[in-house]
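Novice: One structure is given below, represented as structure tokens, and several questions about it will come after.
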Amino acid sequence: MSNPQEAIKEKSMIIQKEMLGNLFTELSTAKENGKKVVYTFVPGNLTELILALDMLPVYPEINALQSGMRKKSGSYIKDAEKIGFSEDVCTYVKCDIGMMLNGNIGPTGEKLPDPDMLLLSYTGCFTFLKWFENLERLFPGVEIAMLHTPYQEDGRITDDQVNYMVKQLKEEVIPKMEKVAGKKMDYNRLSKMLANSAKSEDLWVKVLESAKNVPSPIDSYFAGVYYMGPLNTAFRGTDMALQYYQELFNEVDDRLKKGLLPINPEGEMKKERYRLVVEGPPNWTNFREFWKIFYDMGAVIVASTYTKVGGVYDRGFRHEPEKPLESLSKYCMGCYTNLNLEQRVDLIEHYIKEYKADGFLINSIKSCNSFSAGQLLMMREIEQRCGVPVGFIESDLVDPRYFSYANIKNRLESYFQMLEQRKIIMSQEATV
Amino acid sequence: MNSPEQQLEKLLDECKTLAFDLNFTYAKDWKKQSKNRLLVGYLPIYVPREIIHAANALPVGIMGVGDRKQIIKGDAYYQSYICHLPRGIIEMALDHNLENFDGFLFPAICDCVRNLSGMFKIVKKGKFTRYFDYPQNFDALIGGVFYRELLETVIHDMYLLNGVKITIENLNHSIKLYNINRRLIEKIYDIRQEFPWRLSAVDVYHIIRAGLVITVEKHNEILEEVVSLIEKDSGEPLDNIRVVVSGSFCEQPPVGLIKSIEMAGCYIVDDDFMLGSRWIQGDINAATNNPVNEIVKSFLEQSAPSSAIYDVANPKGKRLVDLVKKRKADGVIFCAASFCDPALLDRPDLQKSCDEAGVNHINFQFHENTGQFKVIKEQAGTFSDSIKLWV
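Each protein sequence line maps, in turn, to chains A and B.
Just so you know, we're using my numbering here: the first sequence kicks off at 1 and counts up by one.
Just so you know, we're using my numbering here: the second sequence kicks off at 1 and counts up by one.
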């Protein structure tokens with residue numbers, strides 16, 4: 001395994017780092033400044049509602065993945081296991097609980113404020129519900145609002161489902177948020193934020209779709225997880241997020257015009273050998289090593305499903321300022337893990353065809369049944385429909401015990417050989 | 001004339017056969033007897049069987065294959081870190097055990113069962129499959145309205161297949177039958193609370209599980225007979241402790257495991273093995289002009305504590321401790337399926353509630369096809385001895 005060097009960063013990444021740094025500083029002084037703090041989740045997040053009421057969001061999954069990247073998750077997980085959490089369950093939950101048991105020190109080393117509210121926007125993952133039941137017991141008496149997001153079991157969003165969600169928002173979620181914030185929702189402000197969200201989403205889609213070009217100017221998975229950050233977390237709907245996406249788009253567009261390849265932590269890729277679509281979240285504990293296996297082999301991820309957990313904008317959804325609550329409801333229901341399995345297969349098939357992918361790879365995550373259950377069938381379906389080589393590796397989100405570098409590298413090398421072989425055969429067939 | 005013991009044994013044999021008939025022979029024969037009958041399979045934990053019954057359909061509980069069927073294809077559909085239940089169910093689907101089933105309902109209990117609903121769609125099993133997304137909002141005007149719409153969707157699914165329109169009268173009739181069913185099951189638990197030696201936990205398990213694959217009318221007859229037989233004094237009490245088993249609501253423990261707990265000196269005086277049959281606590285009003293609403297109301301207000309239900313307003317820990325007190329149990333055995341996020345994520349808090357209430361507990365995990373029970377028996381035996389000696 002190589003020694004990671006200081007990562008090379010694009011300007012947009014530096015902007016994002018500043019945005020996050022400022023947020024964590026603001027969070028660390030939230031109590032003294034009288035700011036209310038809301039813990040909530042990324043998929044189906046209601047960031048605009050939180051920000052429109054001048055509250056600050058905290059995302060436990062983001063804390064967990066940051067702990068994973070900073071090599072702290074292993075000990076947090078063990079601490080959670082010591083108090084009775086099974087080895088078998090979601091490691092995001094255990095990492096988060098472990099972090100709280102250790103003083104709730106956030107990724108920047110500053111203590112995160114206790115929540116004034118738990119906003120359980122329960123989208124696409126049943127474990128979220130259990131996670132917040134556990135958090136409620138760690139912070140007894142905290143205000144807690146639950147938004148049940150119906151699953152798209154029939155492959156579509158129905159009027160009944162939208163009505164159900166809007167009623168929950170109107171009659172339970174927003175009144176509770178207003179009570180905690182000590183102010184009424186300003187719907188004009190909310191609409192303006194949603195208009196901003198839609199503009200950022202337009203830019204984000206352009207960035208994602210730049211990967212349809214051969215070669216692609218971006219990596220939609222490893223770099224994509226950074227690109228999606230502001231839209232999926234505390235900044236959607238803000239001017240800052242819009243500026244970030246404008247900057248990101250300009251950078252990508254510039255690279256595209258110059259025919260440049262994606263940037264990775266060691267610099268710019270020189271040759272695109274394989275174009276892949278990836279399903280499943282990345283591993284966070286060994287993120288750099290994991291990424292390196294790909295860029296060393298010239299593999300570029302041209303589309304990924306993980307970057308759609310916070311919204312599948314590239315299939316047309318936009319937040320609508322004219323219908324704020326309906327639009328937020330549809331947003332929640334449209335997130336990737338809230339799609340049924342057939343929809344997920346259709347989406348992947350679309351990516352493989354539209355993005356001219358050479359192969360499809362699943363990184364199956366031990367912790368995440370929402371993603372993982374059914375992936376082997378999805379893989380077969382894709383193989384049959386698209387005729388591309390499929391690959392399958394296993395790791396975990398933030399439990400370092402489940403990342404085996406040698407195994408993963410071995411498997412990926414075999415997979416890349418298979419892709420190479422196929423390219424040779426296809427080029428031979430083309431010349432015959 | 002058979003003795004009461006012989007009568008009970010005969011009934012128990014019948015139930016045992018029915019409970020583990022993975023070809024669902026009774027259900028399939030029932031369907032053949034009339035043209036517009038349907039079979040609607042459902043997964044753990046709960047679906048309102050009343051609406052299925054009222055639509056001239058038979059609700060059939062599909063509780064997994066346990067240790068009764070070798071998994072070959074199923075393992076190719078699931079990674080090693082996913083619980084065992086769905087791989088057995090997909091094996092059954094691919095092996096045609098579920099042939100002649102018209103529809104399938106997948107209750108919203110976890111992501112594995114949710115995604116299994118999608119797998120059934122992809123492999124095209126059943127004329128309809130529904131992810132049964134019951135509400136996690138318990139306000140009648142919000143979650144209640146949504147749930148009613150969900151029920152109507154399923155009613156419509158069945159109507160499209162057999163043309164049977166559910167009337168007020170026939171739904172009220174179905175509600176009455178399931179009220180009787182739940183009352184009789186509770187009666188068995190109540191008798192066992194006082195006299196657990198009259199019927200073993202394994203026997204109770206077979207009796208209730210059999211009810212998932214036969215008509216409610218037939219099951220009620222069996223239950224009535226069992227109640228009348230165990231009301232009479234029989235057997236001798238053993239020096240056992242009394243335990244509640246918690247956590248096995250979906251993937252079912254192998255019968256050998258239940259037997260091992262009992263043989264280790266524990267009377268199981270309550271459990272959540274067949275929770276779906278006991279989900280609604282108390283009767284549903286069967287005398288209204290709006291029986292669908294009564295079913296909705298019962299879900300919102302009378303649901304049993306479960307890891308599948310958002311519980312912030314009514315914490316499970318307290319409800320478990322209340323159950324321990326009600327059953328005069330000496331302790332709790334937490335016994336959950338491996339890789340079951342809902343049960344295992346609940347466990348620390350449930351254990352904490354037990355600790356705070358001074359309730360002793362142990363825990364272990366299982367797969368539905370676990371074959372070795374020695375360690376479990378030793379653990380349960382030590383638990384039993386420690387309570388007998390020190391508490």
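For each residue, glycine too, the CB sits at the ideal point set by N, CA and C.
Return the Cβ separation of I393(A) and V345(A) in integer angstroms, given the expectation that the two are a contact with Cβ distance under 8 Å.
Specialist: Not quite, the Cβ-Cβ distance comes to about 19 Å (not below 8 Å), so this is no contact.
Novice: Determine whether the Cβ of D116(A) lies closer than 9 Å to any Cβ atom of chain B.
Specialist: For D116(A), the answer is no, since every Cβ of chain B falls outside 9 Å of its Cβ.
Novice: Suppose the cutoff is 8 Å on Cβ atoms and the five residues either side in sequence are ignored; what does the same chain contact list for E251(A) look like?
Specialist: E10, K11, S12
Novice: Could you tell me the alpha carbon to alpha carbon distance between L120(A) and T149(A), rounded to whole angstroms?
Specialist: 10 Å
Novice: Anything in chain A within Cβ reach of K325(B), meaning under 9 Å, just list it in chain order.
Specialist: What K325(B) touches in chain A: nothing, since even the nearest Cβ is about 21 Å away.
Novice: Which stretch, first to last residue, makes up the alpha helix (DSSP H) that contains H53(B)?
Specialist: 49-54
Novice: Return helix, strand or coil for D186(A), following the three-state DSSP convention.
Specialist: Residue state, collapsed to three classes: coil.
Novice: My output table needs one value for S386(B): the three-state DSSP class, helix, strand or coil.
Specialist: helix
Novice: Using a Cβ-Cβ cutoff of 7 Å, what residues of the region 232-260 of chain B are near chain A? List them in chain order.
Specialist: none
Novice: Beta-carbon within less than 6 Å of L105(B)'s beta-carbon, same chain only, minus the 5 sequence neighbours each way: which residues are those?
Specialist: Y42, V47, R130, F132
Novice: Within 9 Å of any Cβ in chain B, is that where the Cβ of T305(A) sits?
Specialist: no
Novice: If I measure Cβ to Cβ from A64(A) and keep anything under 6 Å in the same chain, skipping five residues before and after, which residues do I get?
Specialist: Contacts found: Y92, C95, D96, V398.
Novice: Is the beta carbon of F20(B) sitting closer than 9 Å to the one on V60(B)?
Specialist: no
Novice: For a quick check, are the C-beta atoms of M235(A) and T123(A) less than 9 Å apart?
Specialist: Note that residue 235(A) is Phe in the sequence shown here, rather than Met. Not a contact, by the Cβ cut-off of 9 Å.
Novice: Near Y267(B), what residues of its chain come up, given a Cβ to Cβ distance below 6 Å and the 5 sequence neighbours on each side ignored?
Specialist: P196, N240, R242
Novice: Taking all protein chains shown into account, decide if N102(A) is buried (16 or more other Cβ within 10 angstroms of its Cβ) or exposed.
Specialist: exposed
Novice: Ignoring anything shorter than 4 residues, give me the alpha helix (DSSP H) runs that lie fully in the region 233-263 of chain A, in order along the chain.
Specialist: 239-258
Novice: Quick one, which of D13(B), N2(B), L150(B) has its alpha-carbon nearest I222(B)'s?
Specialist: D13(B)
Novice: By Cβ distance, which residues of its chain are closer than 7 Å to P135(B), with the 5 residues on each side in sequence left out?
Specialist: G143, F146, Y147
Novice: Within the 9 Å Cβ cut-off, does Y159(B) reach chain A?
Specialist: no
Novice: Under 9 Å, Cβ to Cβ, is there at least one residue of chain D near F222(A)?
Specialist: This model lacks chain D altogether; the protein chains it does include are A and B.
Novice: Would Q57(A) pass as a contact of L190(A) if the rule is Cβ separation under 9 Å?
Specialist: In the sequence as presented, Gln is not what sits at residue 57(A); that position holds Pro. The Cβ-Cβ distance between P57(A) and L190(A) does not fall below 9 Å.
Novice: Where does F393(B) fall in DSSP's three states?
Specialist: With chain B running from 1 to 391 in the structure shown, residue 393(B) is simply not present.
Novice: Closest to D346(B) by CA distance: which of T127(A), E110(A), T108(A) is it?
Specialist: T127(A)
Novice: Go ahead and pull the three-state DSSP assignment for L199(B).
Specialist: Note: L199(B) maps to coil in three-state DSSP.
Novice: Taking the runs of the beta strand (DSSP E) that are 3 residues or longer, which of them lie wholly in the region 345-376 of chain A?
Specialist: 359-365
Novice: Given the structure, does P305(B) come close to the ligand NAP, in the sense that its CB is under 8 Å from one of the ligand's heavy atoms?
Specialist: With respect to the ligand NAP, the structure shown offers nothing to examine, as it has no ligands at all.
Novice: According to DSSP, simplified to helix, strand and coil, what is Y134(B)?
Specialist: coil
Novice: Given L118(A), which residues of its chain have a CB within under 8 Å of its CB, disregarding the five upstream and five downstream residues?
Specialist: V38, Y39, T40, F132, L135, E136, F139, V142, E143, I144, A145
Novice: If distances are taken between C-alpha atoms only, which option among L49(A), P282(A), L376(A), K184(A) comes closest to K73(B)?
Specialist: It is L376(A) whose Cα lies nearest to the Cα of K73(B).
Novice: What does L376(A) touch in chain B if you count any residue whose Cβ is under 9 Å from its own?
Specialist: A76, Y77, Y78, Q79
Novice: Nearest chain A C-beta to V123(B) closer than 9 Å, yes or no?
Specialist: yes
Novice: Distance, Cα to Cα, Q168(A) vs E178(A)?
Specialist: 14 Å
Novice: If you count every other CB in all the chains shown that lies within 10 Å of the CB of Y336(A), and 16 or more means buried, which is it?
Specialist: buried
Novice: Taking only the alpha-carbon atoms, compute the straight-line gap between L98(B) and F24(B) and give it to the nearest angstrom.
Specialist: 8 Å
Novice: Can you tell me whether K423(A) is buried or exposed? The criterion is at least 16 other CB atoms within 10 Å of its CB, across all chains shown.
Specialist: exposed
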